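Data block below; observations after.
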Amino acid sequence: MTEQLTPFDADRENEPGNNRDLESLDPRNGEVIAAYPISDVATVDAAVERARTAARWWDVQGFRGRREWLLEFKRAIASDADSLAAVVSRESGKPPADALLEVMLAVEHLDWAAKHAKKILRQRKVSSGLVSANQASYVGYRPYGVVGVIGPWNYPVYTPMGSIAYALAAGNAVVFKPSELTPGVGVWLADKWQSIAPSQPVLQTITGDGSTGAALCRAGVNKIAFTGSTATAKRVMAACAENLVPIVAECGGKDAMLVGEDADLDAAVDFAAFGALSNAGQTCAGVERIYVAKPVYQQFLDKLSEKARATTPGGETDSAYGPMTLGKQIGIVRGQIEDALAKGGRAVVGGVESVRERYVDPVVLTGVPEDSTAITEETFGPTVVVNEVADLDEGVERANASKYGLGASVFTKNKGKGKQIADRLQSGVVTVNSVLGFAGVAALPFGGVGDSGFGRIHGADGLREFSTVKSMTVQQFNAPLNLLTLNRKPRDMKISEWMLSKRHG
Ligand code: NDP
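Just so we're aligned: 107 in numbering that gives the first Met the number 0 is position 108 of the sequence shown, and the numbers increase by one with no gaps anywhere.
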C-alpha cells in the first residue's frame with residue numbers, strides 16, 4: 000500500500016516492467032473483492048497517448064455532438080445505476096442507499112455539464128472600447144486536450160465526476176486514476192463509456208496506487224484535477240510543476256457549523272448529525288466543528304447527543320453508516336480524540352473506546368481547546384466537536400481561525416443575518432439553515448481556499464476550469480488613430496494625449 004511509500008519510493012515502484020496487482024477489499028470485513036493492475040509508467044503513457052488521439056475526435060464533435068454523447072453516457076449510467084451503486088457500496092463499505100444517492104448526484108452533474116457547456120464556453124463578443132473601436136473582439140474557450148483526474152475513495156463516483164463530466168463537456172479527453180481503495184468504480188465508469196463509444200477512448204481508467212497517480216502527472220497530460228489530502232496535493236503540484244501542468248486541487252476541510260440563539264434547534268441538530276456522521280464522517284465538506292451560541296448551547300448539545308447515541312454504524316443495508324474505508328484513518332481519529340481529552344475536552348457521547356477495529360461509533364466532544372488537533376486538523380471520522388461561543392460573531396472568528404476553508408454553515412431564523420454571517424465566513428461554499436445543501440446544485444462551483452485547495456469544479460466555473468481562454472480581435476477597418484505603426488503621425492499622438500487627459504485625467 001502506498002501510505003508507507005515516500006513520493007520517491009512511489010516513483011521507483013512504478014518503473015517500467017514493475018507490474019504488480021492491487022486488491023480491492025471490502026472494508027466491512029477485509030475480504031478481497033477483486034484484483035487490478037498497478038499501471039506502470041509505460042501503461043500510463045500509452046493511455047495518455049490514446050487519449051490525445053481521442054481528444055482530437057472529441058474536439059471535432061463540437062458542443063452539440065458532445066452534448067449528445069454525454070447525454071447518452073448519462074442515460075447508460077442512470078439505467079444501470081444499481082450496479083454502479085453496488086460497486087461503490089462494496090468498495091467503500093457505505094450503505095447501498097448512500098451509494099445510490101451518490102450516483103444520482105453524479106448523474107445530475109453530468110446532465111448539467113452536457114447541457115450548459117455550449118452556452119458558457121462558446122465564443123462570445125465583448126466590447127472593444129473607444130480606443131479600439133475598429134476591432135471586433137471575442138472571447139472563446141478551448142479544451143486543454145487531455146485531463147488527468149486523480150480521484151478519492153470517499154465519494155468515488157460523485158467527486159471524480161465533478162471533474163470528469165465538466166472536463167469532458169469542455170471538450171477534453173480524460174484519463175481517470177481512481178483511488179486504490181475504489182478501483183472497480185473507475186473501471187465501471189470507463190467500461191460504460193466504452194460500451195457506447197468503443198472506438199473512442201475519450202474516458203479511460205488506469206488503476207493503480209499513488210505511484211500511478213504520480214506517473215499520470217508526468218505523462219504529458221495538459222491538466223490535472225486532484226481530490227484528496229493537502230499533503231498529496233503538494234506532491235501532485237510538485238510533479239506537475241516539472242512540465243508546467245496546471246492543477247485544480249480539491250483538498251480536505253475542517254468545516255464549521257454556527258448555531259445562533261434563534262436557530263431552529265431540531266433542524267440544526269438533524270443537519271449536524273447528518274453532516275458529521277453520515278458516510279462515517281468521511282466527507283470533505285462534512286461538519287467537524289460546531290460553535291453554538293451560549294443561550295442554546297446546552298439544549299443543542301443534549302439533543303445532538305441523544306441523536307448520536309441512537310446512531311449505529313454497521314455493514315447492514317439499514318445501518319446509519321458503514322466502516323472506515325481507509326484503515327489508517329482509524330489511528331488518526333483515535334489520536335484526535337485522545338488529544339482533545341488530554342487537553343481538557345470532554346466526551347459527551349463515546350470516547351476513545353468508540354474507535355473499533357473497522358467501525359467508529361459516534362463521538363461528540365465538547366469544551367475542546369481550539370489548539371487541539373480535533374479542531375485544527377481534518378478528522379474524516381464520525382466525531383464532532385461542539386463548543387460554546389457567546390454569539391455568531393465569535394463563531395465566525397473561531398471558524399475563520401482554521402487553515403482550511405472548504406465549507407461552512409450557519410443556522411439562524413433570520414435569513415438576512417444568516418446571509419451576512421455566511422459572507423464573512425472564509426470558505427469556498429457556505430449554506431444557511433442546511434448542510435451540504437449545495438451538493439445537488441450543479442450550477443454552484445465547488446472548491447476551497449487555503450489548505451482546502453484552489454480552482455473550482457461544478458457549475459460554469461467548473462467548465463471554464465477545464466478550458467483555456469482564447470481571446471481574438473478581428474480588425475474591421477483602419478484605426479482612425481493609427482498607433483500600431485512605427486510611423487505614428489504627430490497629429491495622432493496629440494489626439495491621444497488629449498483623450499488621455501479628457502477620459503482619465
Ligand atoms: P491521498 O490524498 O493520499 O489520495 C488521493 C488520491 O491521490 C488517490 O487517488 C491516491 O491514490 C492519489 N495519490 C496518492 N499519492 C499520489 C502521488 N504521489 N501522486 C499522485 N497521486 C497520488 O488521500 P488518502 O486516500 O490517503 O486519504 C488521506 C486523507 O486525505 C484523508 O484522511 C482525508 O483527510 C483526506 N481526503 C480528502 C478527500 C476530499 O474529498 N477532499 C478525499 C480523500 C481523502 P491511491 O489511493 O491509489 O494511493
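Quick reminder that beta carbons are idealized off the backbone N, C-alpha and C, glycines included. All of these numbers come straight from a predicted model, not from anything done at the bench.
Looking at residue i: is its Cβ nearer than 9 angstroms to the Cβ of residue j?
i: Phe62; j: Ala116; result: yes
i: Leu215; j: Leu167; result: no
i: Val138; j: Ala172; result: no
i: Lys253; j: Ser433; result: no
i: Arg288; j: Arg397; result: yes
i: Ser258; j: Gly417; result: Checking the sequence, you will find Val at residue 258 rather than Ser. No, the pair does not count as a contact, with Cβ atoms beyond the cut-off.
i: Ser500; j: Gly170; result: no
i: Val86; j: Tyr157; result: no
i: Lys302; j: Asp263; result: no
i: Ser162; j: Ala75; result: no
i: Ser426; j: Gly447; result: yes
i: Ala113; j: Leu99; result: no
i: Met160; j: Leu120; result: no
i: Leu24; j: Thr206; result: no
i: Asp110; j: Ala441; result: yes
i: Val528; j: Phe453; result: Lying before the first or after the last residue shown, residue 528 is absent from the chain, which here runs from 0 to 504.
i: Thr324; j: Ala279; result: yes
i: Ser304; j: Val351; result: no
i: Gly251; j: Arg51; result: no
i: Ser126; j: Pro155; result: no
i: Ala292; j: Leu391; result: yes
i: Leu104; j: Gly439; result: yes
i: Trp57; j: Arg66; result: no
i: Gln281; j: Asn153; result: yes
Given a threshold of 16 other Cβ atoms within 10 Å of its Cβ, counted over all protein chains shown, does residue i qualify as buried or as exposed?
i: His108; result: buried
i: Arg455; result: buried
i: Arg123; result: exposed
i: Met471; result: exposed
i: Gly16; result: Only weak support is given to the placement of Gly16: the predicted model assigns it a pLDDT of 48, under 50, and the question is left unresolved by the model.
i: Asn386; result: buried
i: Arg11; result: The pLDDT assigned to Arg11 is 39, lower than 50, so where the model puts this residue is not dependable, and the model offers no usable value.
i: Thr430; result: buried
i: Lys118; result: exposed
i: Val47; result: buried
i: Ser451; result: buried
i: Val286; result: buried
i: Asp360; result: buried
i: Ala232; result: buried
i: Arg487; result: exposed
i: Asn477; result: exposed
i: Lys73; result: buried
i: Thr311; result: exposed
i: Phe7; result: Bear in mind that the predicted position of Phe7 carries a pLDDT of just 33, short of 50, making it too unreliable to give a figure here.
i: Gln298; result: exposed
i: Val473; result: exposed
i: Thr5; result: Caution is warranted here: a pLDDT of 33 is assigned to Thr5, below 50, making its placement in the model unreliable, and no coordinate value can be reported.
i: Ala389; result: exposed
i: Pro197; result: exposed
i: Arg234; result: buried
i: Gly504; result: exposed
Please name the residue or residues paired with residue i in a DSSP beta bridge.
i: Pro142; result: Ser466
i: Lys124; result: Tyr137
i: Asp422; result: Answer is none; Asp422 lacks a bridge partner.
i: Leu21; result: Tyr35
i: Gly147; result: Val174, Ile223
i: Gly454; result: Paired residue(s): none; Gly454 is not in a bridge.
i: Thr472; result: Ser136
i: Thr365; result: Arg345, Val385
Is residue i near the ligand PLP, judged by its Cβ being under 8 angstroms from some heavy atom?
i: Gly209; result: Because the ligand PLP does not appear in the structure shown, any question about it cannot be addressed here, the ligands present being the ligand NDP.
task = Please confirm if the segment 241-252 is in contact with the segment 170-186, defined as three or more CB-CB distances below 8 angstroms between the two stretches.
result = no
task = Would you check if there are 3 or more beta carbon pairs closer than 8 angstroms linking the segment 26-42 to the segment 118-133?
result = no
query = Do the segment 266-285 and the segment 399-416 meet, that is, are 3 or more Cβ pairs less than 8 angstroms apart?
reply = yes
task = Mind listing, in chain order, the continuous beta strand (DSSP E) runs of no fewer than 3 residues lying wholly within the segment 281-355?
result = 288-292, 345-348
query = Are the segment 325-335 and the segment 378-386 touching, with three or more C-beta to C-beta distances below 8 angstroms?
reply = yes
ask   = Any contact of the segment 329-344 with the segment 380-398, i.e. 3+ C-beta pairs under 8 angstroms?
value = yes
task = Ignoring anything shorter than 3 residues or poking outside the segment 205-293, list the beta strand (DSSP E) runs there in chain order.
result = 222-226, 246-249, 255-258, 288-292
message = Does the segment 491-502 come into contact with the segment 476-483, if we say contact requires no fewer than three beta-carbon pairs (one atom in each stretch) closer than 8 angstroms?
response = yes
ask   = Does the segment 361-377 touch the segment 343-353, meaning 3 or more C-beta pairs lie closer than 8 angstroms?
value = yes
query = Would you call the segment 32-41 and the segment 208-227 in contact, with 3 or more CB pairs under 8 angstroms?
reply = yes
Length at least 4, wholly inside the segment 32-90: the alpha helix (DSSP H) runs in chain order = 40-59, 61-77
inquiry  = I'd like to know if the segment 77-94 and the segment 311-326 are in contact, where contact means that at least 3 CB-CB pairs between them fall below 8 angstroms.
reply    = yes
key: Inter-stretch contact (C-beta, 8 angstroms, three-pair minimum) for the segment 219-227 and the segment 149-156   = yes
query = Can you give, in chain order, each stretch of the beta strand (DSSP E) that sits fully within the segment 372-444 and has at least 3 residues?
reply = 382-388, 406-410, 428-431
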